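A.B. asks: Just dropping this structure here.
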C-alpha cells in the first residue's frame, strides 16, 4: 500500500468518516474537501468512487453507482453487437470502473475522468438500447417464416429498411 | 442507427463535427474556456472569482440549451432514455448530490457541484441522441474520439504556453485519454485518432490507467482482428510467465510502480 501516492491514508480516513455518518454523508464534494487534507491542503477528491459518493450523500450513493456500472455491463450482452464492439465496450467499462475506483471519476464532481466516463457509459447504453429495440422491432415485424428462411441476410436487410 | 462491422467509408471530419449540432459545439467549446480561464486558486476552493463565475455561466448555458432540447418533440427520446435504467441510477445519484445542500456545511457549493453534474449529464445525453439520429454507431464512436483529440490538442496548448514542449506533453489529458483507449483500438477506423489516443494513453504515466488496461487488453484474445488477437495472446503468455517466474510484487515494482 505504500505505492498508492497517499490514497491508502485518504481511504482509511474516509472510511472512519463514513462510519460516523453513514446515511447522509457530509454534503456533495464539500464533505470530502473539508475533511480530507494532504500536506495541509484540501484534497480535490479522495480518488475512489464509492468513498467519494458515501462521503457526499451516504451509502445509497455508491449503491446507485455500482448498479449503474453493473446494468450497463449487462446491457452489452445484447445479441446484436458485433464481437469487436462487445469487447471494446466491455474493456471501456472496465477501464472506466478501475479509473473511478482509483482516481477522480464518477462519485465526485465534474473533474478528471468524469466527463469521459459519463460520455462513454451513456454512449454504450444508448447504442446497446437502440440495438435491442431494433432487434425487438425486427422480431415483431419478421415473425413470419420468410425471415427465418432468409436468416442473417434477411435480418440485415430488415435492419437497413427499418432505419 | 446501425452497427456495421464493415463500414468502409470514413465520414470526413468537417461533416462529423457538426452532427451533434449546437450541443456538440458547446461541449467542444469547453477546453477553450479552460485554456483561457485556467488559473491556480489563491483563496478558498469555494470562493467565486471571475474564473468560477465563467464556469457557473457555462454550466447554466449548457443546462438551458440541453433542457430546451428535451422539451422539443424530437427530444422526447432522450428524456425517456435519461429516465430509464441504467442512466436513471446516475440521475438519481446526481439528484441526491444536489439535495445534499440541505445537510452540507457549504450548501451553495454542494448544490452547484450537483447542478453542474446534472447539466453535463443532460448535455452528453442530448449530444448522443442527436448523433444517434444523424449518424451510424461507428460515427458516434468517431465523434467521441474527435472530442478526445480536441481535448488533447487544447491540453497541449496549455502545456506549451506554461512550460514548453517536453516528454511531459504525453501526460496531457492523462485523467481521461485512457478511458477511450479501447474504443480507439477495437472500434475506431480513423487511424489518426486511433494513434493519437493510443500514444497519449500509453505514455501518460498514469498507473491507474495502466491497471485498467490489463483486463481490457486480455479481452483482445477474442477479437476478430488477427493482429489484436496475436498481440493480446503474446501479452497474456508474457504476463503469466512473468508471474510464475518472478511473482506479482516484483513485477509491479519494476513496471507500473517503477521509481515510485
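Residue numbers (our numbering), protein chains in the order written: chain A, 1 to 163; chain B, 164 to 423. We put the CB at the ideal spot given by N, CA and C, even for glycine. Please read these numbers as outputs of a predicted model, since none were measured by experiment.
1) Which class does residue 381 of chain B belong to by DSSP, given the choice of helix, strand or coil?
2) Just list the residues that DSSP pairs residue 37 of chain A with in beta bridges.
3) Going along the chain, which residues of the region 265–291 of chain B sit with their C-beta nearer than 7 Å to a C-beta in chain A?
4) Answer with buried or exposed for residue 103 of chain A, where buried requires no fewer than 16 other C-beta atoms within 10 angstroms of its C-beta.
5) Assign residue 178 of chain B to buried or exposed, taking buried as 16 or more other Cβ atoms, counted over all protein chains shown, within 10 Å of its Cβ.
6) For chain B, is any of its Cβ atoms less than 9 Å away from the one on residue 60 of chain A?
7) Counting along the chain, where does the alpha helix (DSSP H) carrying residue 400 of chain B start and finish?
8) Anything in chain B within Cβ reach of residue 30 of chain A, meaning under 9 Å, just list it in chain order.
9) So, is the C-beta of residue 75 of chain A closer than 9 Å to a C-beta in chain B?
10) Following the continuous alpha helix (DSSP H) through residue 340 of chain B, name the residue where it begins and the one where it ends.
11) Helix, strand or coil for residue 104 of chain A, going by three-state DSSP, please let me know.
12) Could you tell me the distance, in whole angstroms, from the CA atom of residue 257 of chain B to the CA atom of residue 106 of chain A?
13) Is the separation between the beta-carbon of residue 287 of chain B and that of residue 195 of chain B shorter than 9 Å?
14) Which residues in the same chain have their Cβ closer than 6 Å to the Cβ of residue 356 of chain B, if we skip the five residues on either side of it in sequence?
15) So the alpha helix (DSSP H) residue 218 of chain B belongs to, where does it begin and stop?
16) Taking all protein chains shown into account, do 16 or more other C-beta atoms lie within 10 angstroms of the C-beta of residue 364 of chain B, making it buried, or fewer, making it exposed?
17) Would you mind stating whether residue 67 of chain A and residue 175 of chain B have Cβ atoms separated by less than 9 Å?
18) Only counting the same chain, and skipping five residues up and downstream in sequence, which positions put a Cβ closer than 6 Å to that of residue 33 of chain A?
19) Give a yes or no on whether 9 Å exceeds the smallest Cβ distance from residue 404 of chain B to chain A.
20) So the candidates are A/128, A/100, A/17, A/74; which of them puts its Cα closest to the Cα of residue 115 of chain A?
21) In the DSSP assignment, the alpha helix (DSSP H) including residue 172 of chain B goes from what residue to what residue?
22) Quick check on this structure: which residue in B/281, B/247, B/306 has the alpha carbon closest to the alpha carbon of residue 262 of chain B?
23) Express the C-alpha separation of residue 279 of chain B and residue 83 of chain A in angstroms, rounding to a whole number.
24) Buried or exposed: where does residue 12 of chain A fall if 16 or more other Cβ atoms within 10 Å of its Cβ makes it buried?
25) Is the beta carbon of residue 283 of chain B less than 9 Å from the beta carbon of residue 222 of chain B?
26) Unbroken alpha helix (DSSP H) runs of length 4 or more, entirely within the region 295–326 of chain B: which are they?
C.D. replies: So, from the data block:
1) Mapped onto the second chain, residue 381 of chain B falls at position 218. Looking at residue 381 of chain B - three-state DSSP - the assignment turns out to be helix.
2) Stepping through the first chain from its first residue, residue 37 of chain A is reached at position 37. A/42.
3) Residues 266, 267, 268, 269, 272, 273, 276, 277, 279, 280, 283, 284, 287, 288, 291.
4) For the purposes of this step, residue 103 of chain A is identified with residue 103 of the first chain, where counting begins at 1. Buried: at least 16 other Cβ atoms inside 10 Å.
5) Indexing the second chain from 1 puts residue 178 of chain B at position 15. The residue in question, residue 178 of chain B, is exposed, as its Cβ has fewer than 16 Cβ neighbours within 10 Å.
6) Translated into the one-based positions of the first chain, residue 60 of chain A becomes position 60. It does; some Cβ of chain B falls within 9 Å.
7) Taking the second chain and counting its residues from 1, the one referred to as residue 400 of chain B is at position 237. Counting along the chain, the unbroken alpha helix (DSSP H) around residue 400 of chain B starts and ends at 389–409.
8) Taking the first residue of the first chain as position 1, residue 30 of chain A is located at position 30. Contact note: residue 30 of chain A reaches chain B through 208, 209, 263, 267, 268, 269, 270, 272, 273, 276, using a C-beta cutoff of 9 Å and chain order.
9) Along the first chain, read from residue 1 onward, the residue named residue 75 of chain A stands at position 75. Yes, its Cβ sits closer than 9 Å to a Cβ of chain B.
10) Numbered from 1 along the second chain, position 177 holds the residue referred to as residue 340 of chain B. Segment: none, residue 340 of chain B is in no alpha helix (DSSP H) and carries neither H nor E.
11) Working through the first chain from its first residue, we reach residue 104 of chain A at position 104. Looking at residue 104 of chain A - three-state DSSP - the assignment turns out to be coil, as it is neither helix nor strand.
12) Counting from one through the second chain, the residue named residue 257 of chain B turns up at place 94. Counting from one through the first chain, the residue named residue 106 of chain A turns up at place 106. Computed Cα separation, rounded: 10 Å.
13) Mapped onto the second chain, residue 287 of chain B falls at position 124. Mapped onto the second chain, residue 195 of chain B falls at position 32. Against a cut-off of 9 Å, the Cβ pair of residue 195 of chain B and residue 287 of chain B comes out as no contact.
14) Locating residue 356 of chain B in the second chain gives position 193, where the first residue counts as 1. Taken in chain order, the residues that qualify are 308, 312.
15) Sequence index remark: in the second chain, residue 218 of chain B carries index 55 (1-based). Counting along the chain, the alpha helix (DSSP H) containing residue 218 of chain B begins and ends at 213–234.
16) Counting from one through the second chain, the residue named residue 364 of chain B turns up at place 201. So residue 364 of chain B counts as buried.
17) Indexing the first chain from 1 puts residue 67 of chain A at position 67. Indexing the second chain from 1 puts residue 175 of chain B at position 12. Cβ atoms of residue 67 of chain A and residue 175 of chain B: not closer than 9 Å.
18) Residue 33 of chain A sits at position 33 when you count from the first residue of the first chain. The answer, listed in chain order, is 42.
19) Counting from one through the second chain, the residue named residue 404 of chain B turns up at place 241. No - not a single Cβ of chain A is within 9 Å of the one on residue 404 of chain B.
20) Position 115 of the first chain, counting from 1, holds the residue named residue 115 of chain A. Ranking A/128, A/100, A/17, A/74 by CA distance to the CA of residue 115 of chain A puts A/100 first.
21) Taking the first residue of the second chain as 1, we reach residue 172 of chain B at position 9. Unbroken run through residue 172 of chain B: none, as it is neither H nor E.
22) Taking the second chain and counting its residues from 1, the one referred to as residue 262 of chain B is at position 99. Of the listed residues, the one whose Cα sits closest to residue 262 of chain B is B/281.
23) Residue numbering aside, residue 83 of chain A sits at position 83 when the first chain is read from its first letter. Residue numbering aside, residue 279 of chain B sits at position 116 when the second chain is read from its first letter. Approximately 36 Å between the Cα atoms of the pair.
24) Counted from its first residue, the first chain places residue 12 of chain A at position 12. Label assigned to residue 12 of chain A: exposed.
25) One-based indexing of the second chain puts residue 283 of chain B at position 120. One-based indexing of the second chain puts residue 222 of chain B at position 59. Closer than 9 Å, so yes.
26) Runs of the alpha helix (DSSP H) inside the region 295–326 of chain B: 300–326.
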